[in-house]
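Engineer: Below is a structure I'd like to ask you about.
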Amino acid sequence: MSPDFYARPVLEVARDLVGCVVRHGEAAGRIVETEAYHETEPACHAFKGLTPRTKTLFGPPGNAYVYRSYGIHALLNAVAEPEGVGAAALIRALEPIEGIELMRERRGLEPPESLCSGPGKLTQALAIGLGLNDSPLIGGPIALELRAPDGRDPVVVTGERVGITRAVELPWRFCDASSRCVSRPWPTAMRTRAQRMRRAA
DNA sequence: CATGGGATTGACT
DNA sequence: GTCAATCCCATGC
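Going by our numbering, the first sequence wraps up at 421, each residue one higher than the last.
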């Protein structure tokens, strides 16, 4: 993954990350869900400007932005857009590929589709903590690989972002409709698809 | 210095 | 469906 990949509009980065692989140590997973955040809209931490917390967001593209959510969970983002623009793609769900037993130990016994089906779940499964904030995604402890080795193409659908109270109408969520590991609630496009399959069954 | 609010999750009614 | 857990940081006095 080259630095140029991240120095692009965050909507493109978020969309193109679906189908890529995140690796930390012995655990790896295929990205099946992302969301885009940009300084020009109020749901983004960078909306308020440069503070100690948002310093990473305004820094070089291709770094990890890891922050604590609800006092409990660490959430993983990839910083996007040129340096000086506050934007990042939130990685919200993975399909486990490698180190599944390790993920089970870290999360407690779980069916594989529940190990990484949420932004707080996947950081726990991959042992990604706040100490990795601002670390590079190229040549750093967290690695992002361009496409899953199985060559499977994601079926990318968009939807509204989850868990926010402002700018809720923006369709800046990207999901792989062919995966069962996407977090709830599923976007309308996927629910429709599931209903069709249920009717057919 | 005190307060309030989350880019969530899991347990429970 | 509801709700608590838990902590960093932004804001205001």
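Cβ atoms here follow ideal geometry from the backbone N, Cα and C, with glycine treated the same way.
Nearest CA to the CA of Pro262: which residue from Ala307, Pro280, Val252 and Gly379?
Structural biologist: The residue labelled residue 262 in the question sits at position 42 within the first sequence. Checked all of Ala307, Pro280, Val252 and Gly379; the closest Cα to Pro262 is Ala307.
Engineer: Pull up the distance between the alpha-carbon of Gly379 and that of Cys240, whole angstroms please.
Structural biologist: The residue labelled residue 379 in the question sits at position 159 within the first sequence. The residue labelled residue 240 in the question sits at position 20 within the first sequence. For Gly379 and Cys240, the distance between alpha carbons rounds to 19 Å.
Engineer: Just checking my contact of Cys286 with Ala294 at CB under 8 Å: how many whole Å lie between their CB atoms?
Structural biologist: Within the first sequence, numbered from 1, the residue matching residue 286 stands at position 66. Within the first sequence, numbered from 1, the residue matching residue 294 stands at position 74. First, the residue type needs correcting, since residue 286 is Val and not Cys in the sequence shown. Right, their Cβ atoms sit about 5 Å apart.
Engineer: Less than 8 Å separating the beta-carbons of Leu296 and Ala256?
Structural biologist: Position 76 of the first sequence, counted from the start, is the residue given in the question as residue 296. Position 36 of the first sequence, counted from the start, is the residue given in the question as residue 256. No. Outside cutoff.
Engineer: Could you give the residue range of the alpha helix (DSSP H) that holds Thr274?
Structural biologist: Along the first sequence, read from residue 1 onward, the residue named residue 274 stands at position 54. Where Thr274 is concerned, there is no enclosing alpha helix (DSSP H), given that its DSSP letter is neither H nor E.
Engineer: Would you report the Cα separation of Arg327 and Gly249, rounded to the nearest angstrom?
Structural biologist: As a working mapping, residue 327 is identified with position 107 in the first sequence. As a working mapping, residue 249 is identified with position 29 in the first sequence. Roughly 15 Å separates the two Cα atoms.
Engineer: Reducing DSSP to helix, strand and coil, say where Tyr287 ends up.
Structural biologist: As a position in the first sequence, residue 287 is number 67, starting the count at 1. Residue state, collapsed to three classes: strand.
Engineer: Could you check the C-alpha separation between Leu277 and Ile320 for me, to the nearest Å?
Structural biologist: Along the first sequence, one-based indexing puts residue 277 at 57. Along the first sequence, one-based indexing puts residue 320 at 100. So the alpha carbons of these two residues sit roughly 31 Å apart.
Engineer: Anyone know if the C-beta pair for Met221 and Glu318 falls short of 8 Å?
Structural biologist: Counting from one through the first sequence, the residue named residue 221 turns up at place 1. Counting from one through the first sequence, the residue named residue 318 turns up at place 98. Going by C-beta atoms, Met221 is not nearer than 8 Å to Glu318.
Engineer: State the CB to CB distance for the pair Arg400 and Glu330, rounded to an integer number of angstroms; the pair is presumed to be in contact (CB under 8 Å).
Structural biologist: In the first sequence, the residue the question calls residue 400 occupies position 180. In the first sequence, the residue the question calls residue 330 occupies position 110. Actually they are not in contact, since the Cβ atoms of Arg400 and Glu330 sit about 13 Å apart, beyond 8 Å.
Engineer: From Thr274 to Thr254, what does the alpha carbon distance come to, in whole angstroms?
Structural biologist: Counted from its first residue, the first sequence places residue 274 at position 54. Counted from its first residue, the first sequence places residue 254 at position 34. Cα to Cα, Thr274 sits roughly 19 Å from Thr254.
Engineer: Would you tell me roughly how many angstroms separate the C-alpha atoms of Arg372 and Ile311, rounded to the nearest one?
Structural biologist: Taking the first residue of the first sequence as position 1, residue 372 is located at position 152. Taking the first residue of the first sequence as position 1, residue 311 is located at position 91. Their Cα atoms are separated by approximately 19 Å.
Engineer: How is Pro302 classed by DSSP in three states: helix, strand or coil?
Structural biologist: Taking the first residue of the first sequence as 1, we reach residue 302 at position 82. Coil.
Engineer: Beta-carbon separation of Val233 and Ala309 under 8 Å?
Structural biologist: Looking up residue 233 in the first sequence gives position 13. Looking up residue 309 in the first sequence gives position 89. The answer is yes: Cβ separation under 8 Å.
Engineer: Taking only heavy atoms of the ligand ZN into account, decide whether any of them is closer than 7 Å to the Cβ of Val376.
Structural biologist: As presented, the structure is devoid of all ligands, the ligand ZN included, so that no description of it is given.
Engineer: What runs of the alpha helix (DSSP H), each 4 residues or longer, lie entirely inside the stretch 327-389?
Structural biologist: You should have 339-345.
Engineer: Given that a residue counts as buried once 16 or more other Cβ atoms are within 10 Å of its Cβ, and exposed if not, what is Leu350?
Structural biologist: Translated into positions along the first sequence, residue 350 becomes position 130. With fewer than 16 Cβ atoms within 10 Å of its Cβ, Leu350 is classed as exposed.
Engineer: For Gly319, list the residues DSSP reports as bridge partners.
Structural biologist: As a working note, residue 319 is residue 99 in the first sequence. Partner(s): none; Gly319 has no beta bridge.
Engineer: Using only alpha-carbon positions, find the residue among Pro356, Val305, Ala300 and Pro280 that is nearest to Gly269.
Structural biologist: Residue 269 sits at position 49 when you count from the first residue of the first sequence. Nearest of Pro356, Val305, Ala300 and Pro280 to Gly269, Cα basis: Val305.
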